[in-house]
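J.:
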Amino acid sequence: MDNTIISYTKNTLLLLFLISVSSCSKDTPGVVNEEELITTVVLNFSTQGEPDQTVRWETEAANSAEIILKANAEYDVQITFLDESDPNDIENINEEIIEEADEHQVFYEFSGVSVTYGQGSSDALDSNQNPVYINSIWNTNAANSGIVRVFLIHEPTTKSATTRDGFGGETDVSVDIPIRIIEE
Amino acid sequence: MIKSFFKITVLVFFLKGFPLWSQNCDFILSGTVKDLHDGSPIYGAIIRIEGTDSFAQTQENGTYVLKALCAGSVVFLIEHAECNSIRKKVSINSNTTLNFELEHHINALEEIIISDNRLKGLNGNAKESRLNADQISRFSNQSLADALTTLAGVSSLKTGNSIAKPMIHGMYGSRVGIIANGIRLRDQEWGPDHAPNIDLNAFQSVQLVKGATALKYGGDTPGGIIVLSPHRLILSDSLFGQTIMNAATNGWGGSITSKLMKTSSNGYYINGQLTAKRFGDLSSPQYVLSNTGMREMNISFKLGRSKISKGWELNYSRFQNETGILRSAHIGNIQDLLRALKEDKPLRIEPFTYRINAPKQQGLHQNIHLIYFNQFNDKLKWKWDYNYQVNTRKEFDIRRGVPLDVPAIDLKLQTHSVLGSLQWKKGFNWEMEWGINAMLQDNYSDPNTGVKRLIPDYIKTQLGSYLVGSYKPSNSFHWDWGVRLDRVGWDVQKYYNVSDWKSRNYNTIFPQFEVNNIGNQILVNPALNFLNFAAQTGISIELSEQFNTSFSYVLSQRSPNASELFSDGLHHSLATIEFGSLTLDKESSNKFLFSLTKTQGKLKGAIEPYFSKINNYIFIAPKALQQTIRGAFPVWQYEATDALVWGVDTVLGFDFTDQLNFDINASYTHAQDMKNELPIINIPPFNSSQSIQYSSPKKRFDIKVMHHFTATQNRFPDLNFNVTTLQEDGLIEQEVDVSTPPSAYQKLDVFFSLYLGNIEKSKTSLRFMFYNITQSKYRDYLNRMRFYADEIGRNVQVQFVFSY
């Protein structure tokens, strides 16, 4: 009986020792480089006879910049998506969007202002010749102010919708930028 | 021991020819003796009348007959060489049928699980919280949680149809312990969308212990424990096995499982088991649930030698699965969620396929278990368990610009565990067990996913000791008790966003954890320690021949799990950002359970009310909105409150005749967050299932019609939030209703079983099962996919069970 308990205790201690030996500390884990991150949306507007206008939307910034366009005018609009999480290695996401054009769609939704847009001259097309609107032509109407919501949609269920809901898919980017249309 | 058993057998056969001496008495007592765990007939059990020479022995099919009994009160003793004896007082005034269930000592490999319902099974056919081999085989192609929901008080928390985790009294995950083959399952139990990595087919019985916490395996399971036991050992030369084949129309798939066991009289035994499952997309009544297919492949192997005084066992099991997650449930932001909520149907419905695309989960769980025991004399035995479990888990999301085969979550959890125990028995009445349990757990989160780690790298250690005992002066009284103390330590290495670290004030509370800054991230090394105490006690009393009662009290303490402490990331199915909290303290639960059981007569049943008060109950709640490039996201953070949980589980059975019976099974749970005076989220609503079963007189076939009712949950917290949508005239706030539970529903299942061949010897059967036969269209509150799609529709399943 006593021997039993002694041998039991011995074994116990031995196993506990083994466990404590094996519990050495771990290696320092590596930092995760977040892929597929988009931090910045840049909109560039150009029209004849005026200097270009650039508006940026950045994660963790105040983002008060406003788009100011002239009424009844035509603008060439270039959108750029960037990953600026590492300032030393800024990544242009557009390349990827153009490469996988079938799976991406840029979409603009306007409120308070009347703007129509169509395919730009250097726009990317998907395999069914649908414009991705990486480059687009905007036609402004009457002067007013409002908001433009910029969407990048991933794997939309259709590429020819006219509303955000119509496209389906998952939202990769959804940012609101104030927009003002002024008299000429 | 075996010798003496043979002696008795010979003696019994010898005596059988003689009439049992009684004066003027002609009552007959008959019945069956079955195994308590799996319901299999026990051969060679002796039924004796105390103080007389009358006795009988059970036949191969477990039946016995005692003739020429006198009216009046007698005491029966039911004995078997490998079982605990039963002593039962019965009054006889007519021909009586009395069925017994013996607690089979799985020879010396027996487990002592201190449970509140230990005695319940000893007295005939009480409706119990366990599944026998026959019930398990019905669920052969489903999950553990599905099988358990047939028991009162158990629900399942689901993510779709294939990912289900059992919920006892509204608690799940870390609050429910799963013990398989005598070891605690250590997988990533923390998140609601991880199902336990267990193949039900590898086990012979499943026991649910709601009240008692099996202190041997830990004192941190306020919900209860689920004990899965393998086939019991027979120390004779035999070879037997079983194959179950299933084919089902919903998902156009099926499963096959096969097991084989060889035992020999010198104590050696070997056992192998294999399961394969494959299903394509499931269907709701109206549409295909795209990307809900699954595959599973499991194998287990066991080798051991058991002699009465000494024994060892080595077993290995491997569980591997791949499960698709409803494609439409992967969303990008809240506006996407709102769009899904508005629609009656999922946004993506594709033609049926067997292909499993992202989003999906892949899991692999391997387990090596080594047991050695030595019984020094009939009073003392010691036992060692060493167990190594490796659990890997990969989750694949819909991603942009990343190869399809790169997972978004890639975790590897390794657990070493040692359990040493010393069992001591004094006579028939006293039993005690002392043990120590050490555990080392290592979690590794692969950084190559390109996604911020949801769970960080850590080492968790646990050292505990327990003392449990029971006192059983007679069969009508049982007292058990136990205490356990654990020290849990965390050594974590985690990167926080500097902004998150500061906004939570961790830089002032935990400056000692900071290691260094890398860009906008900070590496920290939290070292956290918890000391947990658990205690439990319970009594069971046999009030009369028909009634039993039991009462138990459990104190359990649980330290927060990895998810509650450290989770940090985006959940794609609900568009929420989830954060753990470093400041959480341990959770303490005081639970009281009571049960009253009627075990005999035409009406049998049990009523089990319970009450628990949980201090520092850890839960997740919405805190704020965080602006991101995808719009505003709700941030959910783990926090603690005090909770009050009570409820009642009821089971009732009524035998109209020997062939026709009716069963009802109902439970209600009420849970309240006392600090915030709000109902607790994800608590099962009132539900009941009722069934009527007819068995043909010779048990050639049986037919069962089962109706399920689930009420709507009226008690839920309002966690709705607003999202701004853009309309013609500017931004409009719209409410996103993620709180309101779905409506009540009913569904109907029909089962038809045909027993083939020689019923006494083999258990070959053919079953036709019709689930949701009326194509009831419903959504379930406890399914995370309820925002996106209906539950599955009709399923016709054919099952063939062949034993050899």
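Chains E and L supply the protein sequences, listed in that same order.
Numbering of the first sequence is given in my numbering, commencing with residue 797 and proceeding in unit increments.
Numbering of the second sequence is given in my numbering, commencing with residue 2 and proceeding in unit increments.
Just so you know, even glycine gets a beta-carbon here, dropped at the ideal spot from N, CA and C.
Since we're looking at a predicted model, the values are computed, not measured.
Pull out every residue of the stretch 959-978 of chain E whose Cβ sits closer than 9 Å to any Cβ of chain L, in chain order.
T.: For the stretch 959-978 of chain E, which is checked against every Cβ of chain L, the residues closer than 9 Å are Arg960, Asp961, Gly964, Gly965, Glu966, Thr967, Asp968, Val969, Ser970, Val971 and Asp972.
J.: Taking the alpha-carbon positions, what's the Arg785(L) to Glu951(E) distance?
T.: Going from the Cα of Arg785(L) to the Cα of Glu951(E) covers about 23 Å.
J.: Could you tell me which chain E residues have their CB closer than 8 Å to the CB of Tyr467(L), listed as they occur along the chain?
T.: None at all; the shortest Cβ gap to chain E is about 13 Å.
J.: In terms of DSSP beta bridges, what is Ile169(L) paired with?
T.: Note: Ile169(L) sits in a beta bridge opposite Val155(L) and Met172(L).
J.: Quick check: what's the CA-CA separation for Glu905(E) versus Ile973(E)?
T.: Distance between the alpha carbons of Glu905(E) and Ile973(E) is about 11 Å.
J.: Just curious, the alpha helix (DSSP H) that Ile977(E) is in, first and last residue?
T.: Premise fails: Ile977(E) lies in the beta strand (DSSP E), Glu966 to Ile978, not in any alpha helix (DSSP H).
J.: Hey, out of Ile540(L), Gly520(L) and Gln463(L), whose CA is closest to Asn884(E)'s CA?
T.: Per the Cα distances, Gly520(L).
J.: Which whole-angstrom value describes the C-beta separation of Tyr805(L) and Gly242(L), a residue pair presumed to lie in contact below a C-beta threshold of 8 Å?
T.: Indeed, because the Cβ distance is near 5 Å, the residues count as touching under 8 Å.
J.: Among Val469(L), Ser301(L), Ile615(L) and Gly252(L), which residue has its Cα nearest to the Cα of Ile357(L)?
T.: Minimum Cα distance to Ile357(L) is reached at Gly252(L).
J.: Decide if the stretch 416-432 of chain L is in contact with the stretch 400-408 of chain L; the criterion is three or more beta carbon pairs, one per stretch, under 8 Å apart.
T.: As far as the Cβ criterion goes, the stretch 416-432 of chain L does not touch the stretch 400-408 of chain L, which means the pair count is below three.
J.: Could I get the ranges of all uninterrupted beta strand (DSSP E) runs contained in the stretch 177-253 of chain L, with 3 residues as the minimum, in chain order?
T.: Listed in chain order, the complete beta strand (DSSP E) runs (minimum 3 residues) inside the stretch 177-253 of chain L are 177-181, 206-210, 225-230 and 239-249.
J.: Return the CA-CA distance between Ser471(L) and Val228(L), expressed in angstroms with no decimal places.
T.: In a straight line, the C-alpha of Ser471(L) is about 19 Å away from that of Val228(L).
J.: Could you tell me which of Ile665(L), Phe687(L), Thr354(L) and Ala196(L) sits nearest to Ser744(L), measuring between CA atoms?
T.: When each option's Cα is compared against that of Ser744(L), the closest is Phe687(L).
J.: Check whether chain L comes within 8 Å of Ile864(E), counting only Cβ atoms and requiring the distance to be less than that.
T.: No - not a single Cβ of chain L is within 8 Å of the one on Ile864(E).
J.: With DSSP run on the structure shown, which of helix, strand or coil describes Gly539(L)?
T.: Three-state result, Gly539(L): strand.
J.: Give the residues of chain L in contact with Ile834(E), contact being defined as C-beta atoms less than 8 Å apart.
T.: Simply Ile630.
J.: Counting along the chain, where does the alpha helix (DSSP H) carrying Val499(L) start and finish?
T.: That run of the alpha helix (DSSP H) goes Val499 to Ser504.
J.: Kindly list, in the order they appear in chain L, the residues whose Cβ is closer than 7 Å to that of Asp908(E).
T.: Note that residue 908(E) is Gly in the sequence shown here, rather than Asp. Those are Asp730 and Gly731, listed as they occur along chain L.
J.: What are the complete beta strand (DSSP E) segments, minimum 3 residues, inside the stretch 854-925 of chain E?
T.: Within the stretch 854-925 of chain E, the complete beta strand (DSSP E) runs of at least 3 residues are 863-866, 870-879, 900-907 and 911-915.
J.: Can you check the stretch 520-571 of chain L for any alpha helix (DSSP H) of at least 4 residues that lies completely inside it and give the ranges in chain order?
T.: Those alpha helix (DSSP H) runs which fall completely within the stretch 520-571 of chain L and span 4+ residues are 563-567.
J.: Rounded to whole angstroms, what is the Cα-Cα separation between Met770(L) and Thr462(L)?
T.: When rounded, the distance between both Cα atoms is 46 Å.
J.: In chain L, which residues lie less than 8 Å from Val828(E) when you measure between Cβ atoms?
T.: Result: Pro448, Thr450, Gly451, Val452, Lys453, Arg454 and Tyr496.
J.: Using the rule of at least 16 other Cβ atoms within 10 Å of the residue's Cβ for burial, across every protein chain shown, is Thr959(E) buried or exposed?
T.: Exposed.
J.: Kindly provide the ranges of any alpha helix (DSSP H) runs that are 4 or more residues long and lie completely inside the stretch 398-469 of chain L, ordered along the chain.
T.: Those alpha helix (DSSP H) runs which fall completely within the stretch 398-469 of chain L and span 4+ residues do not exist here.
J.: How would you label Thr979(E), buried or exposed, when you count the other beta carbons within 10 angstroms and need 16 or more for buried?
T.: In the sequence on display, residue 979(E) carries Glu and not Thr. That one is exposed.
J.: Helix, strand or coil, according to DSSP, for Gly268(L) in the structure here?
T.: In the structure shown, Gly268(L) sits in coil (DSSP, three-state: anything other than H, G, I, E or B).
J.: With 8 Å as the limit, tell me which residues of the stretch 312-341 of chain L have their beta carbon closer than that to any beta carbon of chain E; keep them in chain order.
T.: Listed by position along the chain: His331, Ile332, Gly333, Asn334, Gln336, Asp337 and Arg340.
J.: Taking buried to mean at least 16 other C-beta atoms within 10 Å of its own C-beta, is Lys427(L) buried or exposed?
T.: Label assigned to Lys427(L): exposed.
J.: Can you tell me whether Thr59(L) is buried or exposed, with buried defined as 16 or more other CB within 10 angstroms of its CB?
T.: Per the 10 Å Cβ criterion, buried.
J.: Suppose contacts are defined by Cβ-Cβ distances below 8 Å. Is Ile184(L) in contact with Ala215(L) by that definition?
T.: No, these two residues do not count as a Cβ contact at 8 Å.
J.: Among Asp458(L), Leu583(L), Leu544(L) and Ser553(L), whose alpha-carbon lies nearest the alpha-carbon of Lys503(L)?
T.: Lys503(L) has its Cα closest to that of Leu583(L), out of Asp458(L), Leu583(L), Leu544(L) and Ser553(L).
J.: Could you name the residues of chain L that Pro825(E) contacts, counting a contact when the two beta carbons are closer than 9 Å?
T.: Under the 9 Å cutoff, chain L gives Tyr445, Ser446, Pro448, Arg454, Pro457, Asp458, Gln494, Lys495, Tyr496 and Leu524.
J.: Which residue or residues does DSSP assign as beta-bridge partners of Ser301(L)?
T.: Paired residues: Gln274(L) and Ser318(L).
J.: Does Leu594(L) get closer than 8 Å to chain E when you measure Cβ to Cβ?
T.: It does not; no Cβ of chain E falls within 8 Å.
J.: Using a Cβ-Cβ distance under 8 Å, would Gly916(E) count as near chain L?
T.: No, its Cβ sits nowhere closer than 8 Å to a Cβ of chain L.
J.: Would you say Leu583(L) faces chain E, with C-beta separation under 8 Å as the test?
T.: Cβ-Cβ to chain E under 8 Å: no for Leu583(L).
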